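Working notes, structure below.
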Amino acid sequence: MKCVGMQYLEAIRRLRSAGFIPDRNIYITFVPDEEIGGHGGVEAFVASKEFKDMNVGLILDEGLASPGEEYRVFYAERSPWWLTIKAKGAPGHGAKLYDGSAMENLMTSVEAIRRFRTSQFNLLKSGAMAEGDVVSVNFAYLKAGTPTPTGFLMNIQPSEAEIGLDIRLPPTVHTEALEKRLAEEWAPSSLNLTFEFKQRDSVLDTFGKPAITPADSSNPWWFLFEEAVKRAGGKLGKPEIFPASTDARYFRRLGLPAFGFSPMANTPILLHDHNEVRITDLHLDILVNEMLYVSFALSNIIFTNMNLPVNGDSTEIVIHRSSRENTIPLYQHC
1 MKCVGMQYLE AIRRLRSAGF IPDRNIYITF VPDEEIGGHG GVEAFVASKE
51 FKDMNVGLIL DEGLASPGEE YRVFYAERSP WWLTIKAKGA PGHGAKLYDG
101 SAMENLMTSV EAIRRFRTSQ FNLLKSGAMA EGDVVSVNFA YLKAGTPTPT
151 GFLMNIQPSE AEIGLDIRLP PTVHTEALEK RLAEEWAPSS LNLTFEFKQR
201 DSVLDTFGKP AITPADSSNP WWFLFEEAVK RAGGKLGKPE IFPASTDARY
251 FRRLGLPAFG FSPMANTPIL LHDHNEVRIT DLHLDILVNE MLYVSFALSN
301 IIFTNMNLPV NGDSTEIVIH RSSRENTIPL YQHC
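At position 158 of the sequence shown (counting the first as 1) the number is 158 in the UniProt record's numbering, and the numbers step up by one without a gap.
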């Protein structure tokens, strides 16, 4: 999302050139490792004394481009569950028919998973639910067979087989029901199946509530967000749950409000795609960022209009961008 990072910096440059002085600090952070989980980046950052000393009140992180005229904004995101399912069974000759082979046991699991995946996908395709509202299940890999230097033995039924799953859960899902389905239908021990989580992010924050930032009148930051986009001449779409994962989840876990927002309207979604380019005029997008910074950074706007105390503890705003360059420091303030 280099283009959004550039929008941040250009918006700040224009505000500074105009002599704008914020009442709140605005921190822009460029951190590593978001693409591989953020464990060495934001996850470590939010646990640091430096972050606590910033007294953060609001975070903006990445969103998605919008092919239409409306900007997309995300108030939550799906949590990743990455796991493996392993099957065991008696090995045998490739010509022999018998019950309980590892591959047969694993295929029973795959069929059960596929039925659930289809039911969720149908909700999406019918328009009944948005992508971020359904549980997605995708097969990441399949591993089986007896390898040789040139391939695999074709006349041996293996004693072990394994699949990897990438599951994404919206914050509204009942995880207990999915865990029960996993243990009883997808990987029952009666079929010599076992499962192991490689990553299991909670859908709840540290207070036991769904990790969701209110996108309604109950949240004064949301009021300012909407008004800033309108003043810039932009249009906001219906708030959504982000279908994948971003660094914003680490802030939401602490109960901090965080919005995923990439002001890129009339722009095809090309992230991680072939020929990833930005082909539209950036003027309005940068103006949207300017309006957001002005609204969020002036304490008299939020505290006067929303009947909150003008004085007292000051909260800060973090404008966050991820970077794949591991040589970049954990955070840079601009």
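Think of the CB as a built atom: it goes at the ideal place given N, C-alpha and C, for glycine as much as any other residue.
Note that this is a predicted model, so its numbers are computed, not measured.
Short Cβ contact (7 Å threshold) for residue i with residue j
i: residue 66; j: residue 72; result: yes
i: residue 69; j: residue 237; result: no
i: residue 159; j: residue 91; result: yes
i: residue 142; j: residue 163; result: yes
i: residue 56; j: residue 41; result: no
i: residue 77; j: residue 242; result: yes
i: residue 297; j: residue 12; result: no
i: residue 147; j: residue 171; result: no
i: residue 137; j: residue 113; result: yes
For residue i, the three-state DSSP class (helix, strand or coil)
i: residue 62; result: coil
i: residue 204; result: strand
i: residue 267; result: coil
i: residue 108; result: helix
i: residue 118; result: helix
i: residue 250; result: helix
i: residue 178; result: helix
i: residue 96; result: coil
i: residue 217; result: coil
i: residue 72; result: coil
i: residue 193; result: strand
i: residue 33; result: coil
i: residue 24; result: coil
i: residue 42; result: helix
i: residue 78; result: coil
i: residue 275; result: coil
i: residue 212; result: coil
i: residue 155; result: coil
i: residue 224; result: helix
i: residue 234; result: coil
Of the listed residues the options, nearest to residue i (C-alpha basis)
i: residue 117; options: 258, 29, 186 and 228; result: 186
i: residue 134; options: 157, 123, 144 and 58; result: 123
i: residue 207; options: 229, 251 and 264; result: 251
i: residue 167; options: 86, 213, 140 and 192; result: 140
i: residue 64; options: 286, 27, 264 and 287; result: 264
i: residue 239; options: 37, 233 and 213; result: 213
i: residue 219; options: 171, 81, 75 and 183; result: 75
i: residue 173; options: 197, 109, 89 and 81; result: 81
i: residue 95; options: 132, 54 and 154; result: 154
i: residue 24; options: 54, 33, 17 and 188; result: 54
i: residue 235; options: 285, 35, 272 and 202; result: 285
i: residue 184; options: 202, 108 and 215; result: 108
i: residue 165; options: 121, 115 and 198; result: 198
Separation of residue j from residue i, as counted between CA atoms
i: residue 254; j: residue 50; result: 15 Å
i: residue 61; j: residue 259; result: 6 Å
i: residue 97; j: residue 169; result: 39 Å
i: residue 84; j: residue 144; result: 13 Å
i: residue 303; j: residue 229; result: With a pLDDT of 41 at residue 303, under the threshold of 50, the predicted position of this residue should be treated as unreliable, though the coordinate-derived value follows. About 19 Å.
i: residue 150; j: residue 93; result: 20 Å
i: residue 256; j: residue 58; result: 7 Å
i: residue 86; j: residue 152; result: 19 Å
i: residue 288; j: residue 231; result: 8 Å
i: residue 99; j: residue 29; result: 57 Å
i: residue 128; j: residue 200; result: 27 Å
i: residue 307; j: residue 217; result: With a pLDDT of only 40 at residue 307, under 50, the local geometry of the prediction cannot be trusted, and the value read off the model is given with reservation. Cα to Cα, residue 307 sits roughly 13 Å from residue 217.
i: residue 14; j: residue 38; result: 31 Å
i: residue 311; j: residue 233; result: Model confidence at residue 311 stands at a pLDDT of 37, short of 50, so the residue's coordinates are unreliable; what they give is reported in the following sentence. Between residue 311 and residue 233, the C-alpha separation is close to 31 Å.
i: residue 110; j: residue 276; result: 34 Å
i: residue 204; j: residue 125; result: 27 Å
i: residue 119; j: residue 196; result: 24 Å
Any C-beta of chain D under 7 Å from that of residue i
i: residue 53; result: This model lacks chain D altogether, as it is built from one protein chain only.
Touch test, the segment 174-190 against the segment 217-230, Cβ-Cβ under 8 Å, three pairs minimum: With a cut-off of 8 Å, the segment 217-230 and the segment 174-190 do not count as touching, because too few Cβ pairs lie within range.
Between the segment 86-106 and the segment 265-277, are three or more C-beta pairs nearer than 8 Å? No, because fewer than three Cβ pairs between the segment 86-106 and the segment 265-277 fall closer than 8 Å, the two stretches do not touch.
Taking one C-beta from the segment 38-45 and one from the segment 243-257 each time, how about it: are there three or more such pairs within less than 8 Å? The answer is yes - the segment 243-257 touches the segment 38-45, with three or more Cβ pairs under 8 Å.
Would you be able to state if there are at least three C-beta pairs under 8 Å between the segment 288-297 and the segment 6-25? In short, these stretches touch, since the Cβ pair count reaches three.
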